[in-house]
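Chemist:
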Amino acid sequence: MAAHCQVTGASPSFGHSISHSHRRTKRRFDPNIQKKRYWVPSLRRNVTLTVSARGIKTIDVRGIDSVVAELLAKGVKL
1 MAAHCQVTGA
11 SPSFGHSISH
21 SHRRTKRRFD
31 PNIQKKRYWV
41 PSLRRNVTLT
51 VSARGIKTID
61 VRGIDSVVAE
71 LLAKGVKL
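Note that full-length UniProt numbering gives residue 17 to position 17 of the sequence shown, counting from 1, and the numbers run on in steps of one.
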């Protein structure tokens, strides 16, 4: 599963792990991605989204209909 949120667009970022001796090695910061299934009343079916924890909070605030309408306008296949 790709570490990419369909709602917020969050994707991995990169940086350094810094040890006690201050040596730097490359590392990857992955967003907290979850696979969630939502019932969408306007489509009258379930939709499975790959969303981050922030994306789940966004759906709770704005509502699933609003978020799905925005995704469909962007051309995302659901």
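All residues carry an ideal CB built from backbone N, CA and C; glycine is no exception.
What you are looking at is a predicted structure, and each value in this text was computed from that prediction instead of being measured.
1. Could you pull out every residue in the same chain whose Cβ sits closer than 7 Å to the Cβ of residue 40, ignoring the five residues on either side in sequence?
2. Is it right to say residue 10 is buried, meaning 16 or more other beta carbons lie within 10 angstroms of its own, or is it exposed?
3. With H, G and I counted as helix, E and B as strand and the rest as coil, what does DSSP make of residue 15?
4. Can you tell me which of 18, 33, 25 puts its alpha carbon nearest to the alpha carbon of residue 4?
5. What are the boundary residues of the beta strand (DSSP E) that includes residue 26?
Modeler: This is what the structure gives:
1. 47, 64, 65, 68
2. buried
3. strand
4. 33
5. 24 to 29
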